[in-house]
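Residue numbers (the numbering used here), protein chains in the order written: chain A, 4 to 140; chain B, 233 to 427.
Heads up, the beta-carbon is just placed ideally off N, CA and C, and yes, glycines get one too.
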Amino acid sequence: MTPLYAELNRWRALPFRWGESDCIMVCMDWITRIYGVDPAADLRLTYASFSECQRVTGFFTRPLDIAGPRMAAIGLQPTTTPVAGDFGIVLQIAGQGVLRPHGALCLGESWAVKTESGVTAFTPHKLLAAWGVGYVG
Amino acid sequence: MSFFPSGFNPRGAAVGLVDLVSIDTADGLHRFILGGDGRFVDVDGHQWIGCQLIDVPDLDLSVQGSAPAGSLSLTFIPDPEDGDLVAQMRELGSAYIEGRQIAFWVQPIMSMAEFAAPVHPPQRWLTRFATSLAFDLSGALERRITLNFEGPSVGRNAAPMLQYTTGDHARLLGAANSSLRFMPTDTFQEQKLFG
Numbered sequence: 004m005t006p007l008y009a010e011l012n013r014w015r016a017l018p019f020r021w022g023e024s025d026c027i028m029v030c031m032d033w034i035t036r037i038y039g040v041d042p043a044a045d046l047r048l049t050y051a052s053f054s055e056c057q058r059v060t061g062f063f064t065r066p067l068d069i070a071g072p073r074m075a076a077i078g079l080q081p082t083t084t085p086v087a088g089d090f091g092i093v094l095q096i097a098g099q100g101v102l103r104p105h106g107a108l109c110l111g112e113s114w115a116v117k118t119e120s121g122v123t124a125f126t127p128h129k130l131l132a133a134w135g136v137g138y139v140g
Numbered sequence: 233m234s235f236f237p238s239g240f241n242p243r244g245a246a247v248g249l250v251d252l253v254s255i256d257t258a259d260g261l262h263r264f265i266l267g268g269d270g271r272f273v274d275v276d277g278h279q280w281i282g283c284q285l286i287d288v289p290d291l292d293l294s295v296q297g298s299a300p301a302g303s304l305s306l307t308f309i310p311d312p313e314d315g316d317l318v319a320q321m322r323e324l325g326s327a328y329i330e331g332r333q334i335a336f337w338v339q340p341i342m343s344m345a346e347f348a349a350p351v352h353p354p355q356r357w358l359t360r361f362a363t364s365l366a367f368d369l370s371g372a373l374e375r376r377i378t379l380n381f382e383g384p385s386v387g388r389n390a391a392p393m394l395q396y397t398t399g400d401h402a403r404l405l406g407a408a409n410s411s412l413r414f415m416p417t418d419t420f421q422e423q424k425l426f427g
């Protein structure tokens, strides 16, 4: 099993916990593992619910404002041609016409996301931004 | 007599039990740690592999005439570059495991050092027999392989449905036996024998 899929199986075994193992934090775990620097070290365990996440990070209204500077700070470059292992922010329908941003991991053609009900992969409604992580499968 | 080995105090200040399971297959015995990752080598040198992807729902004991069934499942996200594990298991078929023992064990632990250098051997507490394999597409990515098993006393609390005939007698004994060939088949009496 490649490290990328081993990581997805690790995600699967983790309970969904806001601020610890939510869709963004598990992607930050992956970046830390591959790149060696944790872009979200100051955010971990600072929120514990959906509403706290929005209050602390503003992620659900301005996802790129929180993700972009942190990626730039550790030297990850944006990419328009993401490959397997790259990190991205995707927009996906969350029921009743609501689009919601998610932290996601590129699998090649689809993007993997950790949600409250498990780990899933899909072709996102829209890819807001992606950063090359440097994973070589 | 205690279930635990001598020298292990289950009421001690530091007590740990690691859940283990061994699965017998046509290829030999495979040993796993339940509920945790890692690798554990027991006092006999057997290696137990931990995997959080293995799930065993509550296990029941065979008490009061019940023969509880159960299952053990591996839920995972397959790597497309790794081959199809589900297809490989399908190819092996249920003959690979059917009727073979699944044993549940606990490893007594009295200190952190015993994770690396255990003192006591694993204690077997439950034995089950594999019956079938099932496969699920449990999500967009997930696949699940379920190993179903049942207790050793299945059917023993049900009527055997055998008659007093030479055929059923042979079935019961496992060999032909003619001793019931003159067995009366009704209770009609032409005349009273007594009174």
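Counting only runs of at least 3 residues, the region 286 to 357 of chain B fully encloses the following beta strand (DSSP E) elements, listed from N- to C-terminal order: 301 to 308, 333 to 341. Taken in chain order, the members of the region 357 to 375 of chain B whose beta-carbon sits within less than 8 Å of a beta-carbon on chain A are 371, 372, 373, 374. Scanning B:421, B:382, B:410, B:402 for the CA closest to the CA of residue 298 of chain B turns up B:382. Residues 106 of the same chain have their beta carbon placed closer than 6 Å to that of residue 27 of chain A, with the five preceding and five following residues left out of the count. Residues 362, 363, 364 of the same chain have their beta carbon placed closer than 8 Å to that of residue 330 of chain B, with the five preceding and five following residues left out of the count. Following the DSSP letters along the chain, one finds residue 257 of chain B inside the beta strand (DSSP E) bounded by residues 248 to 257.
For residue 125 of chain A, a Cβ of chain B is located within less than 8 Å of the residue's own Cβ.
Between residue 13 of chain A and residue 121 of chain A, the C-beta spacing is not below 8 Å. Closest by C-alpha distance to residue 283 of chain B, out of B:276, B:292, B:305, is B:305. Excluding its 5 nearest sequence neighbours in each direction, residue 61 of chain A has C-beta neighbours in its own chain below 8 Å: 68, 69, listed in chain order. Residue 284 of chain B reaches chain A at 16, counting residues in chain order whose Cβ is nearer than 7 Å. Relative to residue 96 of chain A, the option among A:104, A:89, A:108 whose CA is nearest is A:104.
Residue contact with chain B for residue 4 of chain A: present (Cβ-Cβ distance below 8 Å to some residue of chain B). The count of Cβ pairs closer than 8 Å, one atom from the region 320 to 336 of chain B and one from the region 121 to 132 of chain A, stays below three, leaving the stretches out of contact.
When beta bridges are read from the DSSP output, residue 279 of chain B appears opposite B:273.
Apart from sequence neighbours up to five positions away, the residues of its chain that approach residue 18 of chain A with a beta-carbon distance below 7 Å are 24, ordered along the chain. Straight through space, the alpha carbons of residue 139 of chain A and residue 313 of chain B are spaced by roughly 14 Å. In the displayed model, residue 399 of chain B falls within a helix according to three-state DSSP.
A residue is called buried when at least 16 other Cβ atoms come within 10 angstroms of its Cβ; residue 85 of chain A meets this threshold and is buried. Between the region 411 to 421 of chain B and the region 340 to 358 of chain B, the count of Cβ pairs shorter than 8 Å is below three; the stretches do not touch. For residue 12 of chain A, the enclosing alpha helix (DSSP H) covers residues 6 to 16. Out of A:40, A:53, A:59, A:63, the CA that lies nearest to the CA of residue 76 of chain A is found in A:40.
A residue is called buried when at least 16 other Cβ atoms come within 10 angstroms of its Cβ; residue 133 of chain A meets this threshold and is buried. Here residue 108 of chain A is bridged, per DSSP, to A:90, A:115.
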